[in-house]
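Novice: Provided herewith is a single structure, encoded as structure tokens, for subsequent inquiry.
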Amino acid sequence: MDFLSECGGVTMQSDLDLRFVRMQKTTGLHLAMEAENTLQQLTEFADTPQAMTYFYELFRNFYKNGHQLPAGKKVIGTMCLQVPDELILAAGAVPVRMCSGAYAYEQVGAEFLPAKSCPVVKATTGMLHINQPVWGEDVSAIVIPTTCDQKKKGGEMLKEMGYPVYILEMPASKDSDAARFYWQESVKKFALDLGETTGTRITSAALQAVIGEKTECCRLFRKLNDLRKGKTPLIFGKDIFLVTSAYFIDEMGNWQQAVRQLIAELEEREQNDLAVTNRQAPRLLLTGSPPLFPNLKVPILVEQTGGIIVADEVCSSNRLLYDAVSYDEVNLDDMVSALADRYLKPCTCPCLTPNLDRNRKIVELVNSHKVEGVIYQAFSGCLPYEMEQKSISQTMNEAGVPMLYLETDYGNEDLGQLSTRVEAFIESIKARRRKK
Ligand code: SF4
Ligand code: SF4
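The letter at position 87 of the sequence shown is residue 82 when you use the numbering used here, and the numbering goes up by one with no holes.
See the structure below:
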């Protein structure tokens, strides 16, 4: 008998294991309840397009049996929109966006992360911690771009948990040639390293095929986005967020098919002038920290209160799929450089400095989608978004568009307070309209 067993060390270890298993089970149950609760709220709205059923069921099935990783291929986790998932697919692996919107996972992360960390980071590290015994073997790498400091530091913890972490170097600005060159080199290195990790070297033919598929996703997303510009509101913003969140978990071909059906249904509604809600509903834009399923708290609340989100500037929706890759020659060098440009040029993440392109983009969306008010969501602890609200608020002021700043997290404790503020904001937009 060794020393540890003699003095009860083995028993202590099994106690720990037992507690961990219990925590895994409770988290799994809470996660399933949370997902179901969000889905119930999403489906309570009247006149929802029939084609949305595909997306509701996709999430219902995804969460009912616990959070599963795709089987049969190497899995590369990504921790930010800035990771070019085209390269992962071209290297024969499956990209899985690890950013989590689950309160159940946030509670796990809160056990070991500072209280002031943002909920995305708490939930994501919490999710990876609790699933480590099952996922540890299956995740070939977790890619973290050097955008957000909290994600970078979280990466160190993930390493300690036993995950292979890959840091993708990204410049802090996008405006100089040096920054562009630095990023292009970084993406090229990533392409090479991926080949080693997956054992499949990326070829120009494979990359061309994946870029083609992704371009089709972007085309469909743009079509969907165009349908939100018209006077007749055809679809709620909360459903658009679900459709784009589905892109993270669905197979691309299936996603495209489901979005095509949705577009066809919306076009039919447009022809018949069939509004999904009151035509007088204030038209709003959502910007700031990304809504990630199951945390669609703010979009649902805004639309339950009588507004409609007709546009967004968030990295889990518009920024995810709006821009396509454009290359001249079918050779790896040109294509990877073009891919890198696609991820840097349109980037309006507040981790960039300066980031005035974000102000310009929001004004553009306000004009194209006839937006009457902006909702700015900042997750508590997310300093980049919290700090940029001042600049966006000033730009909106100059444009004559009211803005509501909401600081929130994944919990429901602030629902009452948020609801009062959203209601007052929507009423003030209606009053402005009457005055005009
Ligand atoms: S906000 Fe920025 S750092 Fe965070 S996931 Fe989006 S693009 Fe990445
Ligand atoms: S919400 Fe903010 S702090 Fe949190 S991960 Fe994104 S950029 Fe980082």
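Cβ coordinates follow ideal geometry from the N, Cα and C atoms, glycine included.
The model shown is predicted, which means the values in this text are computed figures rather than measured ones.
#1: By a C-beta neighbour count over all protein chains shown, 10 Å radius and 16 as the cutoff for buried, is R337 buried or exposed?
#2: Helix, strand or coil for A306 per DSSP?
#3: Alpha carbon to alpha carbon, how far is L24 from N249?
#4: Within 10 angstroms of the Cβ of F107, are there 16 or more other Cβ atoms? Answer buried if so, exposed if not.
#5: Taking only the alpha-carbon atoms, compute the straight-line gap between G3 and D404 and give it to the nearest angstrom.
#6: Inspect the beta-carbon positions of I47 and T73 and report whether they are closer than 8 Å.
#7: Run through the DSSP bridge pairs and tell me what T390 is partnered with.
#8: Using a Cβ-Cβ cut-off of 8 Å (strictly less than) and excluding sequence neighbours within five positions of P349, which residues of its own chain qualify?
#9: Under the criterion of a Cβ to heavy atom distance below 7 Å, does V115 qualify as lining ligand 2?
#10: Between which residues of its own chain and A270 is the CB-CB distance below 6 Å, once the five residues before and five after are set aside?
#11: Look up R278 in the DSSP assignment and say whether it is helix, strand or coil.
#12: When you compare each of M28, T43 and N32 to N60 by their alpha carbons, which one comes out closest?
#13: Near P114, which residues of its chain fall below 6 Å by C-beta distance, leaving aside the five closest residues on each side in sequence?
#14: Name the two residues that bound the continuous alpha helix (DSSP H) containing L261.
#15: Let me confirm a value: P128 is counted as buried when at least 16 other C-beta atoms fall within 10 Å, else exposed. Which label applies?
#16: Measuring alpha carbon to alpha carbon, tell me which of E180, M152 and D188 ends up nearest P135.
#17: Is it buried or exposed for M382, if we count other Cβ within 10 angstroms and need 16 for buried?
#18: I need the boundaries of the alpha helix (DSSP H) containing T73, first residue and last residue.
#19: Identify every residue that forms a DSSP beta bridge with A270.
#20: For K431, does the three-state DSSP call read helix, strand or coil?
#21: Just the Cα atoms here: how many angstroms apart are A435 and S95?
#22: Find the nearest neighbour of K431 within the set G395, M122, G149 and G376, judged by alpha-carbon distance.
#23: Within its chain, find whatever has a CB closer than 6 Å to the CB of D80; leave out the 5 residues flanking it on each side and keep chain order.
#24: Could you pull the DSSP bridge partners for Q372 from this structure?
#25: According to DSSP, simplified to helix, strand and coil, what is V290?
#26: Check each candidate in P277, E308, S312 and C310 and name the one with the smallest Cα separation from T297.
#27: Return the residue from the list F420, T390 and V293 that minimises the CA-CA distance to D409.
#28: If you compare alpha carbons, which of A30, L26 and D323 is closest to F122?
#29: Going by CA-CA distance only, name the one from S332, L281 and C344 that's closest to P397.
#30: Quick one: is the Cβ of L315 within less than 7 Å of any heavy atom of ligand 1?
#31: Is there contact between the segment 300 to 312 and the segment 250 to 257, where contact requires at least three CB pairs shorter than 8 Å?
#32: Closer than 7 Å: is that where the CB of C346 sits relative to any heavy atom of ligand 2?
#33: Which residue's Cα is closest to the Cα of G194: Q203, Y49 and L84?
#34: Using DSSP with H/G/I as helix, E/B as strand and the rest coil, what is L163?
#35: Return the chain-ordered list of same chain residues with a C-beta closer than 8 Å to the C-beta of G225, the five sequence neighbours on each side being excluded.
Specialist: Short version:
#1: buried
#2: strand
#3: 28 Å
#4: exposed
#5: Reliability of the predicted coordinates at G3 is poor, the pLDDT of 40 falling under 50, and the value obtained from them is presented with this limitation in mind. Distance between the alpha carbons of G3 and D404 is about 41 Å.
#6: Per the sequence shown, the amino acid found at residue 47 is Met instead of Ile. Cβ atoms of M47 and T73: not closer than 8 Å.
#7: Answer by DSSP bridge pairing: none, since T390 is not bridged.
#8: S168 and D170
#9: yes
#10: T227 and P228
#11: strand
#12: M28
#13: E101, F374, D404 and Y405
#14: M247 to Q266
#15: exposed
#16: Reading the sequence as shown, one finds Ser at residue 135 and not Pro. The shortest C-alpha separation from S135 is found at D188.
#17: exposed
#18: No alpha helix (DSSP H) holds T73; the beta strand (DSSP E) holding it covers V70 to T73.
#19: Paired residue(s): none; A270 is not in a bridge.
#20: coil
#21: For the chain, the structure presents residues -4 to 431; residue 435 sits outside this window and is missing.
#22: G395
#23: P90
#24: G283 and L401
#25: It is Asn, not Val, that sits at residue 290 in the sequence shown. N290: strand per DSSP, three-state reduction.
#26: In the sequence as presented, Thr is not what sits at residue 297; that position holds Val. When only C-alpha atoms are compared, the closest one is P277.
#27: V293
#28: Looking at the sequence itself, residue 122 is Met, so the reference to Phe does not match. Per the Cα distances, L26.
#29: L281
#30: no
#31: no
#32: yes
#33: L84
#34: strand
#35: E265
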